[in-house]
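A short write-up of the structure that comes next.
There are 2 protein chains.
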Amino acid sequence: MGIIVQKFGGTSVADPAKIHNVAKAVIKEKQNGNDVVVVVSAMGHTTDYLIKLAKEVTASPNSREMDMLLSTGEQVSIALLSMAIQSQGYKAISMNGQQVGIITESIHSKARIVDIKTEKLQKYIKEGNIIVVAGFQGVTPDGEITTLGRGGSDTSAVAIAAALNADRCDIYTDVEGVYATDPRIVPNIKRADTISYEEMLELARVGANVLHPRSVETAKQFNVPLRVRSSFNLDNLGTLIIGVNDMEIYKPVAGVAADTSQVRILISNLPDIPGTAAELFGALAKNNISVDMIIQSLAVQGKNSIAFTVNADDLDETLKILDAEKDIIKTADVSIDKDIAKISIVGAGMVDRPGIAADMFRSLANKNINIKMISTSEIKISCLVERENSKEAIKALCKEFELEADEIAAVKGDLPNV
Amino acid sequence: MGIIVQKFGGTSVADPAKIHNVAKAVIKEKQNGNDVVVVVSAMGHTTDYLIKLAKEVTASPNSREMDMLLSTGEQVSIALLSMAIQSQGYKAISMNGQQVGIITESIHSKARIVDIKTEKLQKYIKEGNIIVVAGFQGVTPDGEITTLGRGGSDTSAVAIAAALNADRCDIYTDVEGVYATDPRIVPNIKRADTISYEEMLELARVGANVLHPRSVETAKQFNVPLRVRSSFNLDNLGTLIIGVNDMEIYKPVAGVAADTSQVRILISNLPDIPGTAAELFGALAKNNISVDMIIQSLAVQGKNSIAFTVNADDLDETLKILDAEKDIIKTADVSIDKDIAKISIVGAGMVDRPGIAADMFRSLANKNINIKMISTSEIKISCLVERENSKEAIKALCKEFELEADEIAAVKGDLPNV
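Those sequence lines, one after another, are chains A and B.
Using the working numbering, the first residue of the first sequence is number 5, and each one after it goes up by one.
Using the working numbering, the first residue of the second sequence is number 5, and each one after it goes up by one.
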């Protein structure tokens, strides 16, 4: 007996029949004896349609008006979902971001939530209503409508769960939960029953697309238990994401992820003068280019090498900036390596188990996979490898760290070139 | 130099190209040196589409949720129109009913406006913005979203004009203004340059569908000059609707209207006992059936006749009620006449010009048109005639009261059986 916050994405409410299915899932939780607040996104392709309309009106729509436009999408779905719940015999009431009082910064298209009023929510809950809240949107203290940007509805749900001190926030998606790696690559991969916020965050950053990091960060900050589960299989409880201290047992490695979105830039024959690295990376930072892995070799005969990775989208801009730094680079050689993949193992258990890194390196070496760069954090070790080796690397690491299920699941779809 | 409120309906903003045309009309008024507040309806068939969606979810959608749903339609159009105005180089800002503070009664689907906050509107106007307001919607003091029912956007525009003490409220429609009768029947009919609120109200009640009576009543109440004009022909100033005391000259008869929506019920051989009429019409009123014209003949030999008209939609219900009143009707005969039309002449000038009624009756008699019933008000005289005579009656009356233009306009479309 407590409050459960549920969140359903746009594909779950894409048409009236699907909306009725969501209503059933909501009512099921209510029948369990819980108070339910359900957060929904806009129906199916509504947001895309509205963006297209705006682009037909003007090539560069004003972001305030864009928020005014897009926020209607969720308002349509909350009204329809409330009707569906009511037609199945339960009390429901819809609330848009303004009505709840989801207060955000005064920034359009990517505002952050600063406060959530709970007075009205609590009142309607006490009256026995299922509350249906518009995700992705908020309102500034001045009454301006804002939207929360990518991952916005997940963040709305988690923030509301935190504000209401809810027992749990259930994120319903089209996957069955969080997997230790992409099931398309390792078909017999295990689904995690429990994973920590920290592990989920690292997995999200290195390429697992189940939850937006922002919503996980919010859940971690307010210690909201988060469940990722399938909206098509209500009997499956999915994966519970909780604080590392609340976990009873955990494996040293919770997941393996691959990121193929980066390119490596190698600057060799660089004069070994103090301040060179600072100058180069300062110039990149000033232009908002995020650098991921960096390695600087030891100087030999007054010459140095620096290798680093950036997102492939930023490559052209990066080369332009390096070109402008000719004073520094002078006679250095710049080469680019596009065919790379960053393979990462993530696990909260690494902290107090030495030797995990060595296990990873040996496992890759046994498969003759060459490691080009290495970076580590508290709960993550990443190795840069040739892209053509990435699938084999993932499989080897899943085997090494016992992330496979005993039964082999069927391969679904083509294996993409991850 | 003042404030002009403009209102554009759904067909005027049906697609991005049309929205740009509306933006041009708005900007034109701004270029005239006026501050502009523009009220818009939902795009084209949006409202119908949303109603269809709701009906697919449930046969009887909750009216609160219906208002939540439908109010998104106008929010889409205000955002897009603001973008269009901005893209043409002018400052614009959209506001939904809640943001303006269009306060209504706590009734869903047909709320009446009780107050309009002007603080934010005034602030944005002072900053040089064109304000784009969502019509048809408001908000209760508790923050619940309401809609205003039929004619809602016109009413929003007039009420905002009243609240801002605007110089004028321009209602843009698909007609060129207010005509003395239906141009499809009398092709060379004159368009009125000026007409009074009272005349417009009577014309609306007897079948001229240009403006909803509610918006005209609001304009009359707050003395807001109202202009009905074409959104396709911006050079045409249309018809100005003002208070009768502000009119410099007016004709005794401003317009001729026909209403074919009624049926006549004749109860003959009714015992001439006091209270019979009260009993019958009391029963109809209790069942929300509006009775329009009533004639009671003089009693002859203790027998009486009562004839009255009701809307054709109410006929079955009316007969059921009469049947339940058998105690009263007893041996009376009830007959129904469906082929009737009510032809009305309307004019504020009737009040102080005797003989207008006689002119009307003579004019119809000259065409051998039999008058079945007559009713009069301060500024209106209505005659019930055979429906097949209605076009001839309208033409004769337009000629009698000099409502035709000198030039004969082309007949557009088929003459409907009005």
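Ideal Cβ placement from N, Cα and C applies to all residues, glycine included.
Asked                                                                                                                                      : Found
Cutoff 9 angstroms: A/Ile149 Cβ touching any chain B Cβ                                                                                    : yes
Contacts that B/Glu60 makes with chain A (C-beta to C-beta distance below 7 angstroms)                                                     : Pro20
Rounded Cβ spacing between B/Val257 and B/Phe405 (contact assumed at less than 8 angstroms)                                                : 4 angstroms
Helix, strand or coil at B/Gly279 [DSSP, three-state]                                                                                      : coil
Three-state secondary structure assigned by DSSP to B/Gln10                                                                                : strand
Euclidean distance between Cα positions of A/Tyr183 and B/Thr51                                                                            : 43 angstroms
Length of the line joining the Cα atoms of B/Val422 and B/Lys346                                                                           : Because B/Val422 carries a pLDDT of 36, less than 50, the predicted location of this residue cannot be relied on, and no value is offered for it.
Under 8 angstroms by beta carbon: chain A residues contacting B/Asn66                                                                      : Ser86, Met87, Gln90
Contact list for A/Ala83 against chain C, beta-carbon separation under 7 angstroms                                                         : The structure shown contains no chain C; the protein chains it does contain are A and B.
A/Gln305, buried or exposed, once every other Cβ within 10 Å from all chains shown has been counted against 16                             : exposed
9 angstroms Cβ cutoff met for A/His112 and A/Thr159                                                                                        : no
B/Met251 (DSSP reduced to helix, strand or coil)                                                                                           : coil
Three-way DSSP call (helix, strand, coil) for A/Met297 in this model                                                                       : strand
C-beta atoms of B/Ile450 and B/Ile398 nearer than 9 angstroms                                                                              : Summary: the structure shown does not reach residue 450 of chain B, with chain B confined to residues 5 through 422, and so no result is reported for it.
Nearest to A/Val104 (by Cα), restricted to the options A/Gly139, A/Val248, A/Leu84                                                         : A/Gly139
Below-9 angstroms beta-carbon distance, A/Val40 vs any chain B residue                                                                     : no
Against chain A: residues of the stretch 94-108 of chain B by CB proximity under 7 angstroms                                               : Ser98, Gln102, Gln103
Per-residue burial, B/Ala414 [other beta carbons within 10 Å of its own, 16 or more giving buried]                                         : For B/Ala414, the predicted model reports a pLDDT of 35, less than 50, meaning its position is unreliable; a value from the coordinates is still stated below. B/Ala414 is exposed by the Cβ-count criterion.
Contact test: A/Thr322 Cβ vs the ligand SAM heavy atom, cutoff 8 angstroms                                                                 : Among the components of this structure there are no ligands whatsoever, and the ligand SAM is therefore not found.
A/Gln79: contacting residues in chain B (beta-carbon distance under 7 angstroms)                                                           : Met72, Thr76
Below-9 angstroms beta-carbon distance, A/Ala414 vs any chain B residue                                                                    : Residue placement at A/Ala414 is poorly supported in this model, since its pLDDT is 35, which falls under 50; the coordinates still yield a value, given next. Cβ-Cβ to chain B under 9 angstroms: no for A/Ala414.
Proximity below 9 angstroms, CB of A/Gly351 to CB of A/Glu221                                                                              : no
B/Thr144 in three-state terms, based on DSSP                                                                                               : coil
In DSSP terms, what A/Cys173 is bridged to                                                                                                 : A/Val9, A/Leu230
Stretch pair the stretch 284-303 of chain A + the stretch 316-330 of chain A: three plus CB contacts closer than 8 angstroms               : yes
Three-state secondary structure assigned by DSSP to B/Gln103                                                                               : helix
Contacts around A/Pro20, its chain only, beta-carbon distance under 6 angstroms, and the 5 residues preceding and following it disregarded : none
Chain B contact for A/Leu54 (CB, 9 angstroms cutoff)                                                                                       : yes
Coil, strand or helix - B/Leu326 by DSSP                                                                                                   : helix
Residues that DSSP places opposite A/Leu274 in a beta bridge                                                                               : A/Asn308
Beta carbon of B/Asn100 nearer than 9 angstroms to that of B/Gln35                                                                         : no
Residue ranges of each beta strand (DSSP E) within the stretch 14-64 of chain B, 3 or longer                                               : 39-44
Any C-beta of chain B under 9 angstroms from that of A/Gly417                                                                              : Confidence at A/Gly417 is low in this model, with a pLDDT of 33, below 50, so the placement of that residue should be treated as unreliable; the coordinate-derived value is given next. Answer no: the Cβ-Cβ gap between A/Gly417 and chain B never drops below 9 angstroms.
Among B/Ala96, B/Lys342, B/Glu60, the one whose alpha carbon lies nearest that of A/Glu69                                                  : B/Ala96
Whole-Å CB distance - A/Ala83 paired with B/Met72, under 8 angstroms assumed                                                               : 4 angstroms
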